[in-house]
Ligand code: SR1
Ligand code: MG
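Numbering (the working numbering), first residue to last: 9 to 435.
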């Protein structure tokens, strides 16, 4: 793994310093035929933490990501160590080995400059933006379910030897700063009276104050947070929302795993589903006289169903054929029917519990993106207060998921509830 103990002295790159940096790195320089005279550099980052430069000439292009010792969204006020880029690089490398088609290639990492150089993805766009436009991605469910099954299974005790797994858990457990952000922004602040929270006021006040005083809901969120803190099931991307995925009609690439840490598998699946659900609930606000967006909403529900079904199928195949790790190692079981029956029961039980975790994390993500500090474009692009407040009523769906003792038998029960709740909001 890349050494992350050295504290870099990173200064923000500009066009000139970036060019001279590339000139000093023969393998990068070669990508531009050792001639930087036609190279254009643009800062294209739109994330909350880092800067991203697009470096291109007529023949080649690179993405260069720089982490400075503060978070971009704070404008320098919130200090963060640059070490986060080493965690991101190591997570990317691991995921690239497990799901090569769905992760960008890495060309170069420089600890001192806190710089990561990657394949520039073109003509890919950020999936969240595509969904706001109403673009369908016919192959996405297949891609992301493979990514999830391979990466979660491949970093779990079902696949890894305990010594290797513990070594990886120990390394990523040092990603404390970014984990602290996740813990605070997802599980803490939205559920208390925090100055960092914001929502459409006064329309949503009553709902927000009520959820912040809902003991059942707060207990469920506390349980989910406890699992996040204690269950090192697999290496998580840990910020797998639609803004961390770049897509075309035929390709999907997962980027930005800077929050990577070992945690419960349902966290990654839930964050993804939660963000797709947010987009589902905001569709009425994008409707116009040419497109009521109803078919796009159907597309989203189908997409979630296909992701879950694809994931469980692929994960089960891996579980049946590749259990070479410390847990449920295949050598401990014979081919006899009763053994195989017990194993089938075990994986079905595991996936059933995973669905409950995933829907719980999805609901928590929906709440924090609506009333917490870090909002999402799907909601923020809605300029009309009344329309936006209507969409923010997704809160009632999320709250009912968390406070119900509902044990979803399958993903369709969860999706049916979403579609019923949306109908109630619209009537
Ligand atoms: C300070 S970072 C805020 C949020 O942006 C990232 O994408 C994560 O979701 C984080 O919670
Ligand atoms: Mg990000």
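By construction, the Cβ of each residue, glycine as well, lies at the ideal position given by its N, Cα and C atoms.
Quantities reported herein were computed from a predicted structural model and do not represent experimental measurements.
Under 9 Å between C-beta atoms of residue i and residue j
{"i": "residue 112", "j": "residue 93", "result": "no"}
{"i": "residue 333", "j": "residue 108", "result": "no"}
{"i": "residue 134", "j": "residue 260", "result": "no"}
{"i": "residue 91", "j": "residue 73", "result": "no"}
{"i": "residue 274", "j": "residue 364", "result": "yes"}
{"i": "residue 40", "j": "residue 52", "result": "no"}
{"i": "residue 197", "j": "residue 380", "result": "yes"}
{"i": "residue 64", "j": "residue 229", "result": "no"}
Whole-angstrom C-beta distance between residue j and residue i, which should lie under 8 Å
{"i": "residue 402", "j": "residue 323", "result": "At roughly 28 Å, the Cβ-Cβ gap does not stay under 8 Å, so residue 402 and residue 323 are not in contact."}
{"i": "residue 244", "j": "residue 262", "result": "Rounded, the Cβ-Cβ distance is 12 Å, inconsistent with contact."}
{"i": "residue 168", "j": "residue 319", "result": "With a Cβ gap of about 19 Å, residue 168 and residue 319 do not count as contacting."}
Where residue i falls: helix, strand or coil (DSSP)
{"i": "residue 514", "result": "Because the chain spans 9 through 435 in this model, residue 514 falls outside it and cannot be assessed."}
{"i": "residue 289", "result": "helix"}
{"i": "residue 430", "result": "helix"}
{"i": "residue 16", "result": "Residue placement at residue 16 cannot be trusted, given a pLDDT of 43 that sits under 50; what the coordinates show is reported in the next sentence. Three-state DSSP puts residue 16 in coil, outside helix and strand."}
{"i": "residue 26", "result": "helix"}
{"i": "residue 53", "result": "coil"}
{"i": "residue 69", "result": "strand"}
{"i": "residue 188", "result": "helix"}
{"i": "residue 283", "result": "helix"}
{"i": "residue 424", "result": "helix"}
{"i": "residue 360", "result": "helix"}
{"i": "residue 145", "result": "coil"}
{"i": "residue 437", "result": "Residue 437 is absent from the model: the chain starts at 9 and stops at 435."}
{"i": "residue 44", "result": "coil"}
{"i": "residue 253", "result": "strand"}
Nearest-angstrom Cα separation, counted from residue j out to residue i
{"i": "residue 416", "j": "residue 360", "result": "8 Å"}
{"i": "residue 195", "j": "residue 34", "result": "45 Å"}
{"i": "residue 279", "j": "residue 384", "result": "13 Å"}
{"i": "residue 159", "j": "residue 430", "result": "33 Å"}
{"i": "residue 390", "j": "residue 192", "result": "26 Å"}
{"i": "residue 303", "j": "residue 144", "result": "10 Å"}
{"i": "residue 80", "j": "residue 29", "result": "22 Å"}
{"i": "residue 224", "j": "residue 375", "result": "15 Å"}
{"i": "residue 149", "j": "residue 253", "result": "12 Å"}
{"i": "residue 82", "j": "residue 276", "result": "26 Å"}
{"i": "residue 25", "j": "residue 297", "result": "50 Å"}
{"i": "residue 247", "j": "residue 266", "result": "8 Å"}
{"i": "residue 87", "j": "residue 394", "result": "37 Å"}
{"i": "residue 20", "j": "residue 85", "result": "15 Å"}
{"i": "residue 15", "j": "residue 89", "result": "In this predicted model, residue 15 has a pLDDT of only 46, less than 50, meaning its place in the structure is not dependable; the value taken from the coordinates is given anyway. Roughly 8 Å separates the two Cα atoms."}
{"i": "residue 211", "j": "residue 418", "result": "34 Å"}
{"i": "residue 177", "j": "residue 100", "result": "15 Å"}
Counting pairs of Cβ atoms below 8 Å between the region 274 to 290 and the region 129 to 148, do you hit three or more? Output reads yes: the region 129 to 148 touches the region 274 to 290.
The region 212 to 219 / the region 237 to 256 touching (three or more Cβ pairs under 8 Å): The answer is no - the region 237 to 256 does not touch the region 212 to 219, with fewer than three Cβ pairs under 8 Å.
With a cut-off of 8 Å, do at least 3 Cβ pairs link the region 404 to 412 to the region 359 to 378? When C-beta atoms of the region 404 to 412 are compared with those of the region 359 to 378, three or more pairs fall below 8 Å, so the two segments count as touching.
Quick test of the definition: if touching needs 3 or more C-beta pairs under 8 Å, does the region 391 to 401 touch the region 290 to 307? The region 290 to 307 and the region 391 to 401 touch, with three or more beta-carbon pairs separated by less than 8 Å.
Cβ pair count under 8 Å reaching 3, the region 200 to 209 against the region 99 to 107: The region 200 to 209 vs the region 99 to 107: no contact.
Is the region 183 to 192 touching the region 338 to 354 in the sense that three or more CB pairs, one from each, lie closer than 8 Å? Of all C-beta pairs linking the region 338 to 354 to the region 183 to 192, fewer than three are shorter than 8 Å, placing the two stretches out of contact.
Does the contact criterion of 3 or more C-beta pairs under 8 Å hold for the region 116 to 125 versus the region 27 to 47? As far as the Cβ criterion goes, the region 116 to 125 touches the region 27 to 47, which means the pair count is three or higher.
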